[in-house]
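A short worksheet on the structure shown next.
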Amino acid sequence: MSEPVMGRIHSIETLGAVDGPGLRYVVFVQGCPLKCLYCHNPDSWDFNKGTLTNSKSVVENIKPYIGFIKNGGVTISGGEPLAQPDFVLDIISRCHELGLHVAIDTSGAINLGAVSHIIDAADLLLLDIKAIDKDVFKELTSVPNTATMKLLEYTRVTNKPIWIRHVLVPGYTLDTTQLEKLADFLMLYPNIEKVELLPFHKMGEYKWQELGKEYKLFDTREPTLEEVKDAEDIFRKRGLIK
Ligand code: SF4
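Residue numbers 104 to 345, in the numbering used here, belong to the letters of the sequence shown in order.
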């Protein structure tokens, strides 16, 4: 086995049920190049914060949970996992040695040339598409959509299984025209196994206040159940949501 690789993590969730198939051990890494207006972990942005650790230690901590997650696996989320490629690649290799399935949860907003080998190594990609409209994407995330779209295309060419995640934000992405455009666009990708629409929520709002950051969605409401169902119907009609 290779030498352990140093990296920074934000937190862990030992038994998560919402970040990929089955029960999963979720490692949230520290550091993100985006600044999503709705981020519920703005304390994960700073690459110099979090806990300094190494890949071997991360995987040693997973071992006691193997019995619970053997039919699920490990998800590396963030922050942005692809921003610490060597660290994450070594975690994937060590998990594979243990026979564990590994998913990467990413915004894809990272230079593909530097991370395509991580995508190749992962068993599943959870790709967050923040918006289909490029202006809304920029407004929501502070970065252009170019890298995410390139990465999505790479998964099609390499036939990498992916789940798409999309947050429904009133005033931004909760919009029939945009949702239809996104659903039509995703139909072009046969490697997409699942689409998850996640209603915007305000659970992380207090963290923005604690960090002294301006929370621009203070007046934005959460979507209603009916709005979420209508949005899902757009994807259901196209066979993207069961
Ligand atoms: S990509 Fe995720 S961690 Fe990064 S700012 Fe957006 S929501 Fe937060």
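Just so you know, even glycine gets a beta-carbon here, dropped at the ideal spot from N, CA and C.
In this text the structure is predicted, and so the values were computed from the model without any measurement.
Exposed or buried, which one is residue 133 when buried takes at least 16 other CB atoms within 10 Å? Locating residue 133 in the sequence shown gives position 30, where the first residue counts as 1. So residue 133 ends up on the buried side.
Start-end ranges of the beta strand (DSSP E) lying completely within the stretch 248-300, minimum 3 residues: For the stretch 248-300, the continuous beta strand (DSSP E) assignments of 3+ residues that do not extend past its boundaries occur at 265-271, in sequence order.
So within the stretch 160-197, which uninterrupted alpha helix (DSSP H) runs reach at least 4 residues, ignoring any that extend past its ends? Counting only runs that start and end inside the stretch 160-197, the alpha helix (DSSP H) elements of at least 4 residues fall at 169-172.
For residue 111, three-class secondary structure by DSSP: Indexing the sequence shown from 1 puts residue 111 at position 8. Correct three-state label for residue 111: strand.
Could you tell me the distance, in whole angstroms, from the CA atom of residue 164 to the CA atom of residue 130? Here residue 164 refers to the residue found at position 61 when the sequence shown is read from its first residue. Here residue 130 refers to the residue found at position 27 when the sequence shown is read from its first residue. Each residue's Cα considered, the two are about 10 Å apart.
If you reduce the DSSP assignment to three classes, tell me which class residue 119 lands in. Counting from 1 along the sequence shown, the entry for residue 119 is found at position 16. Residue 119: strand per DSSP, three-state reduction.
Taking 8 Å as the cut-off, is the beta-carbon of residue 231 closer than that to any non-hydrogen atom of the ligand SF4? As a first step, residue 231 must be located in the sequence shown, where it is residue number 128. Relative to the non-hydrogen atoms of the ligand SF4, the Cβ of residue 231 comes within a distance shorter than 8 Å of at least one.
Is residue 311 close to chain B? Criterion is C-beta to C-beta, closer than 9 Å. Chain labels in this structure do not include chain B; a single protein chain is all it has.
Tell whether a beta-carbon distance below 9 Å holds between residue 298 and residue 266. Residue numbering aside, residue 298 sits at position 195 when the sequence shown is read from its first letter. Residue numbering aside, residue 266 sits at position 163 when the sequence shown is read from its first letter. Taking the C-beta atoms as reference points, residue 266 is found nearer than 9 Å to residue 298.
Does the beta-carbon of residue 53, which I'm using as the reference point, lie nearer than 8 Å to any heavy atom of the ligand SF4? Within the shown structure, residues of the chain are numbered from 104 to 345, placing residue 53 beyond reach of any answer.
Could you say which of 167, 204 and 235 lies nearest to residue 255 if we only look at CA atoms? Position 152 of the sequence shown, counted from the first residue, corresponds to residue 255. Of the candidates 167, 204 and 235, 235 places its Cα closest to the Cα of residue 255.
Take the Cβ of residue 233 as the centre, count every other Cβ of all protein chains shown within 10 Å, and call the residue buried at 16 or more, exposed below. Your numbering for residue 233 matches position 130 in the sequence shown. Under this definition residue 233 is a buried residue.
According to DSSP, what are the bridge partners of residue 302? Within the sequence shown, numbered from 1, the residue matching residue 302 stands at position 199. The partner list for residue 302 (beta bridge, DSSP) reads 271.
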